[in-house]
Every structure is written in structure tokens, then in C-alpha cells.
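Read in the UniProt record's numbering, the sequence shown has 133 at position 133, and its numbers run on one by one without any break.
The C-beta atom is built at its ideal place from N, Cα and C for all residues, glycine as well.
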Amino acid sequence: MRQRSCEALRARCREICQRQDRGLGSCDGVTGDISVMLRFSDGSSQQARFWNGGPVAAIVALALESAWAKAMQPPGVILTTGTPPAPLSLDAAITADLMRAVIRVWEGDAQASPSQGPLLRAADAAAGRPQEETPSPEAVPQPEATPPEAGQPQPVAGRGGAAMSSEQSGDESREAAIRQVMFVASQPRDSAVVALQESNWNTENAINRIMDAQAQAREALRAAPRPAPTTRTSLPLSFQSPQLRSGSGVGTDTLKDCGIGAALGTVSACFVFVWVTLA
Numbered sequence: 001m002r003q004r005s006c007e008a009l010r011a012r013c014r015e016i017c018q019r020q021d022r023g024l025g026s027c028d029g030v031t032g033d034i035s036v037m038l039r040f041s042d043g044s045s046q047q048a049r050f051w052n053g054g055p056v057a058a059i060v061a062l063a064l065e066s067a068w069a070k071a072m073q074p075p076g077v078i079l080t081t082g083t084p085p086a087p088l089s090l091d092a093a094i095t096a097d098l099m100r101a102v103i104r105v106w107e108g109d110a111q112a113s114p115s116q117g118p119l120l121r122a123a124d125a126a127a128g129r130p131q132e133e134t135p136s137p138e139a140v141p142q143p144e145a146t147p148p149e150a151g152q153p154q155p156v157a158g159r160g161g162a163a164m165s166s167e168q169s170g171d172e173s174r175e176a177a178i179r180q181v182m183f184v185a186s187q188p189r190d191s192a193v194v195a196l197q198e199s200n201w202n203t204e205n206a207i208n209r210i211m212d213a214q215a216q217a218r219e220a221l222r223a224a225p226r227p228a229p230t231t232r233t234s235l236p237l238s239f240q241s242p243q244l245r246s247g248s249g250v251g252t253d254t255l256k257d258c259g260i261g262a263a264l265g266t267v268s269a270c271f272v273f274v275w276v277t278l279a
């Protein structure tokens, strides 16, 4: 199911790119005058170039040809830029504002992904198919403000209250930045806090710092030399003991020496016996 949805999304993106005039829909990532950096959710990155005025679907088409997409087979794709991350509309055009921008690529849902709707509407418009109107959200009723009761004391904000409110808002913004770095960079809270402190609490710089460190670590692992396999060498037969050459507890040379000694002893004993008898 995921693979079929991914193939359908890839075909739609190519269809949008092919309908662009003047070759602005090139999705090879090699030609173009707008240079961007694609950062995928697994930490990998890819440098690419697109034409100014081309469709954003060209970026999606290139992302779906990456190693990340071949491994994940995403049914939908979400593109975000800036800090805080804002979704990139897929029915928009590539502009000079994306020059040297970092575009993050996330997996989206084929049914409820915010990137899937604009992409399908753009594909339908390019193919001349009728588009479904999106219903406007219903207005949420607001509670009516009731006047304060007579004689009820009202809180008065003093200078201490203003300072406390400012401190609370600062803590809330830092907490939001920590959660954002943890979500985008897939890091624990301690690592996210350290990266933010080193980046002066700039969320985008902290995320880029973490992802650059991950990329450098992967490159270092690939470039690390692997240990050579160990080989066992055997001694030549001239350096081995007689026991090892014979393959048993007693060597053939030892057996030969024992046999010769026994024979000489027997001959000596017989000679002595004959000489005593004759005498």
C-alpha cells in the first residue's frame, strides 16, 4: 500500500513537471539557478538546483528519487522551511527566496497530509480535471464577556507582575524551542538544550549544528580504515619436532634409535656368553 501510494505521488509530480513551459519543470536537481539543500528526516542531505519559476513539485520529485524515499516509500511528502518550520505549498512556484535555503523533507500521510491536498489540486489543474472545493472552517463561537460583579476586587497588574509575565513568556519560548529541536533532529532533551545554548537559542542553527555533526560522524565511519584479517602461518617441516612430524606421541626417528640400540645390546650379550663357554 505504501509503495503504491509513493509511486502514484511520484507519477503526479512528474506529470506536473512535464507540463511546465520553457523547461522550468526539470526535476533532475542538477540544472537550475536556485540552489537549495534538502535535509531528510533520517539526517541525510542532498544539494540540488532548480529553475526560478519552476514548480515546487520538482523538489518533491527529486526527493522521491533519493535513498531516503527508496527505503521509506513515503505515501506523502511534507516540505518545511524556516524557523519555526512552515510547510511549503506544493502548488506554488520556486522563487528567489529559496536561494540557499534548507528544505526539510518529512514523511506525510497519503490521506491527511497537508502537502497531499495542494499537490493533487495542482495535478488536477494541470490535467484540466475539475477540482473539489474545500469547505471553509466553521466559525467557533466565542464566550461572551460578563461584567464583573459590583464590589468584587479586580486584580491590578503591577511592575512585579509584568516582570513575572515576561519571565514566563521567555521560559515558554525556550521550552517550545527545545521541543522543536527534539522533534526535528530526533534528539533527547539534553542534546537539544546543549545545541540551543551553543547556538544562542537560535532554533535553526541548533538543528543545522546537530545534523552537520551527524553527517560528519557518518563520513568518519565510512572513511575509518578497517583492520586487516589475521592469517596463521605454519612452521616448515625442518623446524618441527620429530613428534609433530610423525603425528604421534613418539617420532619415527626415536623409534629407529631405540631399535638400533636394542639390537646392539643383544649382539653384545651373545658374544660375552659364547666367550665364557669356550673358556
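Leaving out five residues before and five after residue i in sequence, what residues of the same chain have Cβ atoms less than 6 Å from its Cβ?
i: L119; result: Reliability of the predicted coordinates at L119 is poor, the pLDDT of 43 falling under 50, and the value obtained from them is presented with this limitation in mind. Counting only Cβ-Cβ distances below 6 Å, and skipping sequence neighbours, we find L90.
i: A185; result: I207 and I210
i: S41; result: W106
Taking the C-alpha atoms as reference points, what is the distance between residue i and residue j?
i: A57; j: P227; result: 46 Å
i: A217; j: A223; result: 10 Å
i: M182; j: G32; result: 34 Å
i: D190; j: S44; result: 22 Å
i: G108; j: A69; result: 12 Å
i: E198; j: I16; result: 42 Å
i: T95; j: N52; result: 5 Å
i: D124; j: R2; result: With a pLDDT of 41 at D124, under the threshold of 50, the modelled position of this residue cannot be trusted, and the question is left open.
i: A192; j: E7; result: 35 Å
i: A215; j: G170; result: 32 Å
i: V194; j: G82; result: 21 Å
i: F50; j: I59; result: 8 Å
i: E219; j: R14; result: 32 Å
i: I78; j: D97; result: 19 Å
i: E172; j: Q73; result: 36 Å
In or out: residue i buried (at least 16 other Cβ within 10 Å) or exposed?
i: V30; result: exposed
i: R4; result: exposed
i: A11; result: exposed
i: T203; result: buried
i: S66; result: buried
i: L88; result: buried
i: P84; result: exposed
i: R179; result: exposed
i: L221; result: exposed
i: R104; result: buried
i: P225; result: exposed
i: P188; result: exposed
i: A177; result: buried
Counting only the same chain and skipping the five closest in sequence on each side, list residues whose C-beta sits under 7 Å from that of residue i.
i: M99; result: I34 and S35
i: L62; result: C27, G29 and A48
i: Q46; result: L38 and S66
i: D212; result: none
i: A101; result: V36 and T81
i: M205; result: Note that residue 205 is Asn in the sequence shown, not Met. Hits under 7 Å: S199.
Throw me the rounded Cβ distance for the residue i and residue j pair, which I believe falls under 8 Å.
i: L9; j: G76; result: 7 Å
i: T80; j: A71; result: In fact, because the Cβ distance is near 20 Å, the residues do not count as touching under 8 Å.
Since residue i sits in a beta bridge, which residues does DSSP pair it with?
i: P87; result: T80
i: V201; result: The sequence as given places Trp at residue 201; Val does not occur at that position. According to DSSP, which records beta bridges pairwise, W201 is partnered with nothing at all.
i: W106; result: I78
i: V60; result: In the DSSP output, where bridge partners are listed per residue, V60 has none listed.
Please list, in chain order, all residues of the same chain as residue i whose beta carbon is under 8 Å from its beta carbon, the five residues on each side excluded.
i: A93; result: G53, G54, P55 and V56
i: R174; result: L196 and W201
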